[in-house]
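Visitor: Questions regarding the structure given below will be posed in turn.
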Amino acid sequence: MKIEAIPISLDDYILSGGGANGESYDHKTDPELMLKLYFPGKITQPLDEMLMARKVYDAGIPTPEPGDYVVTEDGRYGIRFRRILGKKSYSRATADDPANVDRYASEFAQMCLKLHSTKLDTTQFESVKDRYFHLLEENPFFTSREKDLLGKFIADVPDRDTAIHGDLQYSNAIFAGNRRYFIDLGDFCYGNPLFDVSMVYLCTCLSGEDFILETFHMDKALSTEFWRHFVPAYFGKGVSVKEAEDLVMPFAGLKTLIVERDTRCPMPEFRAALKSIIG
């Protein structure tokens, strides 16, 4: 089914920000309405993003309602959303209210557990293993020997048909009152949740102090404390923090494939987490 873009006038919007792929706008008279407009020539990207958001929403994942595929008078394409007023991410909430880090970590863990128990129609979404096999094939920094070892590790991970966020940072889970949502699900797929929960460990513990401060607005001591509270809420009180870290460490190391794809340079600080696989 062909989806036609809805014509809009950019005169109704005010520029509010920008990024690598486009710009964001706020509506002049409706505070709930916002626009993510891609740069000229990017036609399929916003449509693909909208269609993925719709599939995820229809699968029962708690996400904001998908937006509309739109086009401006000058031929730029994008997505029009309804903003969730009063929202706050779990990373921002932790940074603003560190005394309640245990509550925020526990709530986030419960969201993750529910997500990772949601079964999907695997004909509608990509397998996380296929995604990592592709990333591994395209990576120019690992040797052939290392790629063989990493490929075997990925292949040997037990398969699951349950949901994976794909970029499970605690900044990608938000709440407004009693409502909770996952956002930024462009990498949504299915598979073993260890591929997913390892991102929580990478963001809170493996990343450097400066990155954590700039990205999550807190020092590393607080982000590490978030992880310490997350572990028993997600893995169970019988699992120690060290046991959880030993379990997720190689999966966190695999995130090197994503980081190196985006930065186009080797990341030795994350590769260290792959020691148990590649030596």
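Take any residue in the sequence shown, count from 1 to its spot, add 9: that is its number in the working numbering. Glycine included, C-beta positions come from ideal geometry on N, C-alpha and C. Just so we're clear, the structure is a prediction, and the values are computed from it rather than from any experiment.
In chain order, what residues of the same chain lie with their CB nearer than 7 Å to the CB of L24, ignoring the 5 residues before and after it?
Guide: Hits under 7 Å: E32 and Y34.
Visitor: Taking the straight line between their C-alpha atoms, what separation do you get for R270 and D176?
Guide: Taking the straight line joining both Cα atoms gives about 14 Å.
Visitor: Alpha carbons only, please: which of I287, A68, A102 and Q178 is nearest the one belonging to T132?
Guide: Checking every option, the nearest Cα to that of T132 belongs to A68.
Visitor: Between L42 and R89, which are expected to be in contact by the criterion C-beta below 8 Å, what is the C-beta distance as a whole number of angstroms?
Guide: Contact flag correct, Cβ pair sits at about 7 Å.
Visitor: Helix, strand or coil for T265, going by three-state DSSP, please let me know.
Guide: If DSSP states are grouped into helix, strand and coil, T265 belongs with the helices.
Visitor: Buried or exposed: where does F151 fall if 16 or more other Cβ atoms within 10 Å of its Cβ makes it buried?
Guide: F151 is buried by the Cβ-count criterion.
Visitor: Can you tell me which residues form a DSSP beta bridge with S153?
Guide: DSSP output for S153 lists no bridge partner at all.
Visitor: Using a 10 Å radius around the Cβ and a threshold of 16 neighbouring Cβ atoms, would you call S232 buried or exposed?
Guide: Looking at its Cβ environment, which holds 16 or more other Cβ atoms inside 10 Å, S232 is buried.
Visitor: May I have the straight-line CA-CA distance separating H174 from E254, to the nearest angstrom?
Guide: Whole-angstrom Cα-Cα distance: 20 Å.
Visitor: Buried or exposed: P259, going by 16 or more other Cβ atoms within 10 Å of its Cβ?
Guide: Flag for P259 reads buried.
Visitor: Could you tell me which whole alpha helix (DSSP H) segments of length 4 or greater appear in the stretch 36-108?
Guide: Here the runs fully enclosed are 53-67 and 99-105.
Visitor: How many whole angstroms separate the CB atoms of K96 and I183, which I take to be in contact at a CB cut-off of 8 Å?
Guide: Going by Cβ atoms, the distance from K96 to I183 rounds to 5 Å, so yes, they are a contact pair.
Visitor: Tell me the residue span of the beta strand (DSSP E) that contains A185.
Guide: It spans A182 to A185 - the beta strand (DSSP E) in which A185 sits, taken as one unbroken run.
Visitor: Out of curiosity, what's the CA-to-CA distance linking K37 and D20?
Guide: Their Cα atoms are separated by approximately 9 Å.
Visitor: Quick one: what's got a C-beta closer than 7 Å to L215's C-beta in the same chain, skipping five residues either side?
Guide: Result list for L215: A261, F279 and A282, in chain order.
Visitor: May I ask which residues mark the beginning and end of the alpha helix (DSSP H) holding Y243?
Guide: Residues K229 to F244.
Visitor: Just grab the DSSP bridge partners of R270 for me.
Guide: Looking at the DSSP assignment, R270 forms no beta bridge with any residue, so it has no partner.
Visitor: For Y34, list the residues DSSP reports as bridge partners.
Guide: Y34 is bridged to L24 and L44.
Visitor: Could you check the C-alpha separation between R169 and D205 for me, to the nearest Å?
Guide: When rounded, the distance between both Cα atoms is 12 Å.
Visitor: Taking only the alpha-carbon atoms, compute the straight-line gap between I267 and H143 and give it to the nearest angstrom.
Guide: Each residue's Cα considered, the two are about 11 Å apart.
Visitor: Can you find at least 3 beta carbon pairs, one from the stretch 65-79 and one from the stretch 99-118, that sit closer than 8 Å?
Guide: Not touching, per the Cβ criterion.
Visitor: By the three-class DSSP mapping on this structure, what secondary structure does P259 have?
Guide: In the structure shown, P259 sits in a helix (DSSP, three-state: H, G or I).
Visitor: May I ask you to report which of helix, strand or coil DSSP gives P275?
Guide: In the structure shown, P275 sits in coil (DSSP, three-state: anything other than H, G, I, E or B).
Visitor: Short check: CB of D105 to CB of H238, under 9 Å?
Guide: Not closer than 9 Å, so no.
Visitor: In whole angstroms, what separates the C-alpha of K264 from that of S126?
Guide: Those two C-alpha atoms are separated by around 22 Å.
Visitor: Among all the DSSP beta bridges, which residues are the ones paired with Y190?
Guide: In DSSP, Y190 forms a bridge with I183.
Visitor: So, is V209 buried or exposed, given that buried needs 16 or more other C-beta atoms within 10 angstroms?
Guide: When all chains shown are included, V209 counts as buried.
Visitor: In whole angstroms, what separates the C-alpha of E252 from that of K123?
Guide: Computed Cα separation, rounded: 22 Å.
Visitor: What does the alpha-carbon distance come out to for the pair P167 and D157?
Guide: C-alpha separation (whole angstroms): 18 Å.
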